[in-house]
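When you line the sequence shown up against my numbering, it's residues 60 to 308, in that order.
Here a beta-carbon is modelled for each residue, glycine too, at the ideal position from N, C-alpha and C.
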Amino acid sequence: MKKNIVLFLTFLLFVTIVNAADKTVYLTTLEWAPYSSASLFDQGASIKVATEAFNAMGYTLVVEFYPWERTLNLAEKSDKYAGYLPEYYSDSITDNFYFSDAIGEGPLGFVENKSNPIVWKTLNDLSSYTIGTVSGYVNTKDFDDLTAKGTIKVDSVVDDITNIKKVKGGRIPLAIIDENVFHYLIMINKTEDYGKHLQYNKKSLENKMIYVCFKKTPIGKEYLEIFNTGLKKINPEKIQDDYFKKIFK
Numbered sequence: 060m061k062k063n064i065v066l067f068l069t070f071l072l073f074v075t076i077v078n079a080a081d082k083t084v085y086l087t088t089l090e091w092a093p094y095s096s097a098s099l100f101d102q103g104a105s106i107k108v109a110t111e112a113f114n115a116m117g118y119t120l121v122v123e124f125y126p127w128e129r130t131l132n133l134a135e136k137s138d139k140y141a142g143y144l145p146e147y148y149s150d151s152i153t154d155n156f157y158f159s160d161a162i163g164e165g166p167l168g169f170v171e172n173k174s175n176p177i178v179w180k181t182l183n184d185l186s187s188y189t190i191g192t193v194s195g196y197v198n199t200k201d202f203d204d205l206t207a208k209g210t211i212k213v214d215s216v217v218d219d220i221t222n223i224k225k226v227k228g229g230r231i232p233l234a235i236i237d238e239n240v241f242h243y244l245i246m247i248n249k250t251e252d253y254g255k256h257l258q259y260n261k262k263s264l265e266n267k268m269i270y271v272c273f274k275k276t277p278i279g280k281e282y283l284e285i286f287n288t289g290l291k292k293i294n295p296e297k298i299q300d301d302y303f304k305k306i307f308k
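Here's what the structure looks like:
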């Protein structure tokens, strides 16, 4: 009798462990504070929203941090990961991934040197400048289209802080960057005096919506539907706003 009870309890424990594993979702991400960062509380605003959406459906989210291009590569090719975040919408991504409903938003524009503010009305006005971008990042459709045509000249680097350094040093006049990312990097690098020399250009490119991308596979579609249902149970906008209030207080 005791042996049967032990076997039954062992079976229950096994089933519990298997069920817990089945309800754990793995996504890749990058260091892109304040939206995603291993060093921030709740791992950033976008990760917090995604975590709460999955939690609302009884799922656990685990995110793992990599450089951006490796984030994309692993999300597409590794069976471990269901997708990645955060991402801006781009038609080119829909070949391999489903876009979730929006998990947040942020203004996209340019960092410039205070000693050399750039005045522009249309993107064509920027054709005489070399603009800093981050390799692999989606920008805006018009900006990326003009870049592909060669109308806008870009100099791509591995991350936003490298572009900030280049603008401060006068090596490039502008670099494309999310405004919240810009202010966060200025805030945590006070010894570099970036705030003394740099500012956000007065004209924004676009207010960008932010998404989770799930693989275009049957399991990816299933996670997408679970996640979007979870998003409807929470308030992503309020979660992001409250998060930024704590970060930038």
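For the alpha helix (DSSP H) holding Lys225, just list the boundary residues, first then last.
219 to 227
Would Asp237 be called buried (16 or more neighbouring beta carbons within 10 Å of its own) or exposed?
buried
Exposed or buried, which one is Val121 when buried takes at least 16 other CB atoms within 10 Å?
exposed
Can you have a look at Asp219 and say buried or exposed, based on whether 16 or more other CB atoms are within 10 angstroms of its CB?
buried
Taking its Cβ as the centre, do 16 or more other Cβ atoms sit within 10 Å of Gly229, making it buried, or is it exposed?
exposed
Helix, strand or coil: which one does DSSP assign to Tyr94?
coil
Which listed residue (Glu90, Ser95, Leu99, Ala115) has its alpha carbon closest to that of Gly289
Ala115
For Phe48 and Leu144, what's the separation of their Cα atoms in angstroms?
An answer regarding residue 48 cannot be provided, because it is not within the stretch 60 to 308 covered by the chain.
Does DSSP put Asp214 in a helix, in a strand, or in coil?
strand
Hey, quick one: how far does the beta strand (DSSP E) through Lys267 stretch, first residue to last?
265 to 274
Proximity winner among Ile293, Ile247, Tyr282, Leu89, relative to Tyr118 (alpha-carbon distances)
Tyr282
Straight-line Cα distance separating Ile223 from Val217:
12 Å
Secondary structure of Phe156, DSSP reduced to three states
strand
Can you tell me whether Gly165 is helix, strand or coil according to DSSP?
strand
Taking C-beta to C-beta, are Ala109 and Val240 nearer than 7 Å?
no
With respect to the alpha helix (DSSP H) encompassing Val240, which residues constitute its N-terminal and C-terminal limits?
238 to 247
Distance, Cα to Cα, Asp203 vs Val197?
8 Å
Does the beta-carbon of Glu296 have 16 or more other beta-carbons within 10 angstroms, so that it is buried, or is it exposed?
exposed
Please work out which residues of its chain come closer than 8 Å, Cβ to Cβ, to Ile177, disregarding the five sequence neighbours upstream and downstream, and give them in chain order.
Phe169, Glu171, Leu185, Tyr188, Pro232, Leu233, Asn260
Determine whether the beta carbon atoms of Phe156 and Lys275 lie at a separation below 7 Å.
yes
Could you give the DSSP three-state label for Leu133: helix, strand or coil?
helix
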